[in-house]
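Please read the structure below before turning to the comments.
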Amino acid sequence: MGEAYRKEIVQRITRNLLDIQLLRLVQAQPLWGYRIKKKVETDFQVKLRHGALYPMLNSLEKRGFLTSQKQQQGGRARKVYTITKNGRSRILQRKGIRRGASLRG
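To convert, note that position 39 of the sequence shown is 38 in numbering that gives the first Met the number 0; the numbers rise steadily by one, no gaps.
Below, the structure written as structure tokens:
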């Protein structure tokens, strides 16, 4: 498999699982949007646009998987995201689905 093709496949998978990846990142520590964007780019080698990230964060917050709190840091207001109990449950549910699929496949 060519490197470009492999990279494209990884990017597609990461985008399809973006909600879970974001929850897992925030589970490790509370983060703000820009820091999440940079971690996704570094950890998964996926260029994440603001137009994809912020609607997903808002959706996860609306669905009760994340909470946010505005914090002042260095003269800037940041919206810091924290995972909720429902968010942790969502990660565990996805792990169960993945595990069940690998046992059947």
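Idealized CB from N, CA, C, for every residue including glycine.
Taking 9 angstroms as the cut-off, the Cβ atoms of F64 and T83 count as close.
Looking only at R5, D18, L22 and L30, the smallest Cα-Cα distance to V79 is reached by L30.
With contacts defined by Cβ atoms closer than 9 angstroms, K36 and L47 form a contacting pair.
Excluding sequence positions up to five before and after Q71, its CB lies less than 6 angstroms from no other CB in the same chain. Residue pairing by DSSP puts T66 in a beta bridge opposite T81.
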